[in-house]
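With the sequence shown counted from 1, adding 110 to any position gets you our numbering. Cβ coordinates follow ideal geometry from the N, Cα and C atoms, glycine included. Quick caveat: nothing in here was measured; it's all calculated off a predicted structure. A quick write-up on the structure given underneath.
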Amino acid sequence: MTIGIGLLGLGTVGAGVAEILQTPDGRHPLVADLELKRVAVRDLNRPRPIELPSEILCTDPQAVVQDPAVDIVVEVMGGLEPARSLILAAIAAGKPVVTANKAVIARHGEEIAAAAADKGVYVLIEAAVGGGIPIIEPLKQSLGGNRIQRVSGIINGTTNYILSRMADEGAAYAEVLADAQRLGYAEADPAADVGGGDAADKIAILSGLAYGGPIERAAIPTEGIDRLDGCDVNYADQLGYVVKLVAQAKNLGTASDGTVQLDVRVSPTLLPKDHPLAGVHGVNNAILVEGDPVGRVMFYGPGAGSGPTASAVVADILNIAGIRAATGNNGGLDPLLAASRWRNCALVDAGETLQRHYVRLQTGDEAGVIGRIGSCFGDQGVSIRSIVQFETSGEATDAEIVVITHEVKQQHFANALAAIKALPEVKAVAACLPTL
Ligand code: NAP
Ligand code: HSE
C-alpha cells in the first residue's frame with residue numbers, strides 16, 4: 111500500500127528526507143511504501159543536492175497540503191508562519207503531520223495538539239529536539255513509568271560546534287559560525303542558536319513531555335553564547351570545568367493544587383570535566399534524563415544536520431505508516447504516541463531556585479579585597495567553594511578574582527553580588543555563570 115508524502119520544504123532537512131525516501135534499499139521495508147507526491151519550495155530555480163521530477167515541485171504549500179494524493183504532510187520549512195497555519199490546515203484536512211519545527215511547537219503546541227486530538231490525527235515531532243537522537247518517543251513512551259526529576263542537556267548543535275572548535279582550535283567565533291551555517295546546522299536566523307532561543311524552544315518541548323503539561327515558552331530565562339567571553343572559558347578550564355550551553359528543566363515538587371513547580375532555563379554553564387555532558391563535543395547533543403526509578407539515562411548523538419534530522423523525520427513517518435498498515439487508521443489515537451497533557455506545570459520564581467555560581471570580578475589589586483568580597487558572600491549565607499586571583503594583562507593595579515560558590519538560593523547570591531558591586535575596590539562584575 112503506497113502512502114503519499116507531501117513535503118513542505120526541500121532545504122537541509124527536506125532534502126535529507128527525500129534522499130531516504132528515494133533510496134529504500136536496506137532500510138525498513140515500510141520505507142518502500144512511502145512515495146513523495148508533492149514538494150513545496152520557495153524558489154524553483156534554486157540548485158538542490160537531490161534530483162526530483164520537476165512536476166512534483168511547486169511554490170504553493172497549501173496545494174501540497176490539500177493534494178488528495180498526499181496522506182502525510184511533512185513540514186520542514188521552518189519559521190512560525192505560514193508553518194503554523196499549514197500544520198493546522200493539514201490537521202483540518204484529516205492528515206497526520208510530521209514536523210521538525212520546534213519554534214512552532216514550543217509556541218503553538220497546545221493549539222496544534224488540541225486540533226489534532228479533535229480530528230484524531232497524529233502530529234509527531236521527533237526531529238524537533240536533538241536532531242537524530244530519539245528523545246521524544248522515549249520521553250512519551252519508554253520512560254512513561256518514571257517520575258521525572260530532571261531533564262538537562264546540550265540541545266543546540268550549532269553552539270556546541272562553535273564552543274568545541276573555539277576551545278579545541280582557538281578558532282574565531284565568526285568563522286566557526288559561518289562553517290555551522292554552511293554545514294546546515296544553524297537556523298535560518300542563527301540568532302536563535304547563539305542567543306539560546308532554539309535551546310529554549312527545545313527545553314520547553316521536553317518539559318511538556320517529561321512533566322505532563324505545557325509551560326510558558328516566553329517565561330524561560332534564556333542566555334546564549336553570544337555574550338560569552340573567551341577568558342571565562344579559559345579560567346573555567348584552569349579550574350577543572352568546561353563551558354557548554356546547557357538547558358535544564360528540574361522538578362522542584364508539586365504544589366497543593368497539583369501543579370508541578372519547575373526550574374527551567376538555558377544558559378552557558380560550567381560543567382565539571384567529569385560530568386557526563388562535559389564530553390559532548392562538536393555538533394553532538396546529549397540529553398540526560400533523571401527519573402524514579404530508572405536513575406540517569408543519557409541520549410547522545412548528532413544534534414543537527416541533514417541526515418540525522420531526516421532520520422528522525424522518517425522515524426515519525428514510519429510510525430504513522432506502521433499504524434495505518436496495522437489498523438487502516440481506524441483504531442483511534444495511541445495515547446502514548448499522541449501528545450498528551452495530564453497536569454499543570456508552572457515555572458518557579460528564579461530567585462527561589464538553588465544554583466552554584468561562577469563569578470568573575472575585576473578589582474583593584476589591593477590588600478584585603480578578597481576578604482571583603484568573602485564577607486559580602488558570608489553575610490548572605492553564600493558559601494564559597496573556591497576563590498582564585500588570576501593575573502591580568504591589563505593595568506598592574508588590576509586583578510581578576512574568580513569565585514565559585516556552593517549551591518545557594520539565587521536571591522541570596524544576587525544580594526551578595528549587589529553588596530560586592532558597591533565595594534569601592536570592585537570595578538566590575540565581569541561575568542556570572544551557573545555551575546553544575
Ligand atoms: P532550510 O534549509 O532553510 O530549508 C527550508 C526549506 O523550506 C527550503 O527548501 C525553502 O525553500 C522552503 N520554504 C521556506 N519557506 C517557504 C514558503 N513560504 N513556501 C514554500 N517553501 C518554503 O531549513 P532546514 O535547516 O531544512 O530546517 C527546516 C526546519 O527543520 C526548521 O524548522 C528547523 O528549525 C528544523 N530543524 C533543522 C535542523 C537542521 O539541522 N537544519 C535540525 C532539526 C530541526 P527554498 O529552498 O526554495 O528556499
Ligand atoms: N539549529 C539547530 C541546532 C538545528 O543547531 O541545534 C537542530 O535543531
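Where the alpha helix (DSSP H) through residue i begins and ends
i    : result
A310 : 307-321
Y271 : 267-279
I530 : 520-531
Q132 : 122-132
S252 : No alpha helix (DSSP H) holds S252; DSSP gives it neither H nor E.
E285 : 283-292
T437 : 416-437
G481 : 479-489
A301 : 301-304
R194 : 193-202
Through-space distance from residue j to residue i, alpha-carbon basis
i    : j    : result
T332 : D347 : 23 Å
N256 : G322 : 12 Å
I313 : D373 : 11 Å
I330 : V376 : 8 Å
A541 : P159 : 44 Å
L471 : E510 : 6 Å
R260 : E400 : 5 Å
P324 : I315 : 8 Å
A532 : V539 : 11 Å
I430 : T364 : 35 Å
S421 : A281 : 30 Å
V458 : Q371 : 6 Å
Y295 : G263 : 17 Å
Q176 : G204 : 10 Å
L167 : A288 : 29 Å
L154 : P206 : 26 Å
I182 : Y345 : 51 Å
T379 : G417 : 29 Å
Whole-number beta carbon distance between residue j and residue i, since they are thought to touch under 8 Å
i    : j    : result
V208 : V184 : 5 Å
G484 : I497 : 7 Å
R466 : H516 : 6 Å
I245 : I397 : 5 Å
L118 : P171 : 5 Å
A309 : I265 : 5 Å
G241 : T419 : 5 Å
E451 : I113 : In the sequence under discussion, the amino acid at residue 451 is Arg, which differs from the Glu named in the question. Going by Cβ atoms, the distance from R451 to I113 rounds to 29 Å, so no, they are not a contact pair.
G405 : K383 : Contact flag wrong, Cβ pair sits at about 22 Å.
Terminal residues of the beta strand (DSSP E) in which residue i lies
i    : result
E221 : Where E221 is concerned, there is no enclosing beta strand (DSSP E), although the alpha helix (DSSP H) it sits in stretches over 212-229.
V175 : Not the beta strand (DSSP E): V175 falls in the alpha helix (DSSP H), residues 171-176.
L144 : 144-150
S496 : 494-500
I182 : 182-185
V208 : 207-209
Given residue i as reference, the closest of the options once Cα atoms are compared
i    : options                : result
L120 : V518, L144, P157       : P157
A460 : R482, R451, K519, I325 : K519
L144 : R152, V151, I130, D153 : I130
I480 : V513, P248, A142       : V513
A193 : G413, G267, N211       : N211
A179 : A456, P534, V149, A282 : V149
N394 : P206, P382, M408, V151 : M408
D367 : S493, Y351, A456       : A456
G474 : Y468, P534, E462, R453 : P534
A526 : A224, G488, G114       : G488
I554 : G136, L140, T122       : The question about residue 554 has no answer here: the residues shown for the chain are numbered 111 through 546.
D336 : G188, A284, H391, A359 : A284
R495 : L446, L546, D508       : L546
S252 : D303, L446, V536, P418 : L446
D278 : A328, Q132, H391       : H391
K229 : H218, L443, E161, P403 : L443
N270 : L349, V214, V356, Y232 : V356
A202 : A225, G219, R217, G415 : A225
A223 : A448, I530, P544, Y468 : A448
S274 : T437, V352, I258, A524 : V352
Those residues which DSSP pairs with residue i across a bridge
i    : result
P544 : H467
N361 : L372
A509 : T473
A396 : I264, Y410
G240 : The partner list for G240 (beta bridge, DSSP) is empty, contrary to what the question assumes.
C455 : V370
T112 : BP columns for T112 are empty, so no partner.
S377 : V356
E405 : Checking the displayed sequence, the identity of residue 405 turns out to be Gly instead of Glu. DSSP, once it has assigned bridges, lists G401 as partnering G405.
C168 : A150
Y345 : Looking at the DSSP assignment, Y345 forms no beta bridge with any residue, so it has no partner.
L234 : V208
P382 : Y351
V536 : T473
Chain D contact for residue i (CB, 9 Å cutoff)
i    : result
E535 : No chain D appears in this structure, which consists of one protein chain only.
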